[in-house]
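Below you'll find the structure, written out as structure tokens, and then a few comments.
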Amino acid sequence: MDQTLVDVTGIPEVEQGVIAVLIGKSGEKEITACDLAEQACTITNEILSRMGGRLDRMFVP
């Protein structure tokens, strides 16, 4: 099974139906794979390689 869990406890703006951007840009805010790797104390390659093959990807030049 492919599952990802994101703890949004204590974030009042989050409610059911709100879109969560894990990597990318939303409005003026952006989070990169490098940002996630830093927060997880790992390397970018580990973040990207652990994303399942069935995950939809959109590459923007």
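Everything in the sequence shown is counted per our numbering, starting at 425 for the first residue and increasing by one.
Idealized CB from N, CA, C, for every residue including glycine.
Below 8 Å on the Cβ atoms is my guess for residue i versus residue j; work out the distance and round it to an integer in Å.
i	j	result
G476	D426	4 Å
A461	I467	6 Å
Across which residues does DSSP place residue i in a beta bridge pair?
i	result
S450	K453
Three-pair Cβ contact test at 8 Å for the stretch 471-479 versus the stretch 445-462: yes
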